[in-house]
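K.L.:
In mature numbering (1 follows the signal peptide of the UniProt record, and there is no 0), the protein residues as written are -20 to -1, 1 to 179. Quick reminder that beta carbons are idealized off the backbone N, C-alpha and C, glycines included.
#1: Which term fits residue 58, buried or exposed, when burial requires 16 or more other beta carbons within 10 angstroms of its beta carbon?
#2: Can you say whether residue 100 is buried or exposed, counting buried as having 16 or more other CB atoms within 10 angstroms of its CB?
#3: To the nearest angstrom, how far is it from the Cα of residue 54 to the Cα of residue 137?
#4: Between 170, 174, 165, 171, which has its C-alpha nearest residue 38's C-alpha?
#5: For residue 169, is the classification buried or exposed, using 16 other Cβ atoms within 10 angstroms of its Cβ as the cut-off for buried?
#6: Quick check: the Cα distance between residue 30 and residue 102, rounded to an integer number of angstroms?
#7: Under 8 angstroms by Cβ, that's how I've got residue 131 and residue 81 pegged, so tell me the actual separation to the nearest angstrom.
#8: Within its chain, find whatever has a CB closer than 8 angstroms to the CB of residue 119; leave out the 5 residues flanking it on each side and keep chain order.
#9: To the nearest whole angstrom, what separates the beta carbons of residue 104 and residue 91, a pair I think is in contact under 8 angstroms?
#10: How big is the Cα-Cα spacing for residue 33 and residue 143?
#11: How many angstroms separate the CA atom of residue 89 from the CA atom of residue 60?
#12: Buried or exposed: residue 42, going by 16 or more other Cβ atoms within 10 Å of its Cβ?
#13: Taking 9 angstroms as the threshold (C-beta atoms), are residue 75 and residue 62 in contact?
#14: Please list the terminal residues of the continuous alpha helix (DSSP H) segment that includes residue 79.
#15: Here's a check: name, in chain order, each residue in its chain whose Cβ is nearer than 7 angstroms to the Cβ of residue 156, leaving out the five neighbours to either side.
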């Protein structure tokens, strides 16, 4: 086999790894139909649809929030800590900023570092204002900018399956997760071990 063919084969394999091996059509109610680009706390850009492949716990927040948003992080961590090691490895946690004007990569990184979040599982992300509105609408999150630069917003955690379909939700409740939401998360993680995306 020629060197050129080896490089082409390697590029094809790498592309499949980056974009996910599953090319089956998304279900009609998948969040991943939204054409949204996210930027994480390390400055990496990725399409929303690249989250496909494993369950995702997603919430919306902003970094300068002093009351509700720390509770949102505590709630997501509470779910994470209640899972066993194999369950944790199957779950991704994504927090989307509702404040793209102020929440640049440095602001996201600061919160990630301060809260000692495992960036192997956690992504704090930003996107443009129009995409924030679309994501909030799709997730059922309500928010409103206030005159002082703060936001009124709901504190919902949303559990998505591997295909980006909403499977459960819970209001942020602190480090002890709501039992019904934790059970739904565990059930989805266990089911995902056996069922490939698209089933």
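P.N.:
Considering the structure as presented:
#1: As a working note, residue 58 is residue 78 in the chain shown. When all chains shown are included, residue 58 counts as buried.
#2: For the purposes of this step, residue 100 is taken as the residue at position 120 of the chain shown. Classification for residue 100: exposed.
#3: Counted from its first residue, the chain shown places residue 54 at position 74. Counted from its first residue, the chain shown places residue 137 at position 157. C-alpha separation (whole angstroms): 11 angstroms.
#4: By 1-based counting over the chain shown, the position of residue 38 is 58. When each option's Cα is compared against that of residue 38, the closest is 165.
#5: Position 189 of the chain shown holds residue 169. Label assigned to residue 169: buried.
#6: The residue you call residue 30 lines up with position 50 of the chain shown. The residue you call residue 102 lines up with position 122 of the chain shown. Those two C-alpha atoms are separated by around 14 angstroms.
#7: By 1-based counting over the chain shown, the position of residue 131 is 151. By 1-based counting over the chain shown, the position of residue 81 is 101. With 8 angstroms as the limit, residue 131 and residue 81 do not qualify as a contact, their Cβ atoms being about 11 angstroms apart.
#8: On the chain shown, residue 119 is found 139 positions in, with the first residue counted as 1. Within the same chain, residue 119 has close Cβ partners 11, 38, 40, 136, 138, 146.
#9: On the chain shown, residue 104 is found 124 positions in, with the first residue counted as 1. On the chain shown, residue 91 is found 111 positions in, with the first residue counted as 1. Correct: roughly 6 angstroms between the Cβ atoms.
#10: By one-based count along the chain shown, residue 33 stands at place 53. By one-based count along the chain shown, residue 143 stands at place 163. Approximately 7 angstroms, taken between the alpha carbons.
#11: For the purposes of this step, residue 89 is taken as the residue at position 109 of the chain shown. For the purposes of this step, residue 60 is taken as the residue at position 80 of the chain shown. Distance between the alpha carbons of residue 89 and residue 60 is about 20 angstroms.
#12: Sequence index remark: in the chain shown, residue 42 carries index 62 (1-based). So residue 42 ends up on the buried side.
#13: Counting from one through the chain shown, the residue named residue 62 turns up at place 82. Counting from one through the chain shown, the residue named residue 75 turns up at place 95. Their beta carbons are not under 9 angstroms apart, which means residue 62 does not touch residue 75 by this criterion.
#14: For the purposes of this step, residue 79 is taken as residue 99 along the chain shown, with counting starting at 1. From DSSP, residue 79 is part of no alpha helix (DSSP H); its letter is neither H nor E.
#15: Here the question's residue 156 lines up with position 176 in the chain shown. Here the set comprises 58.
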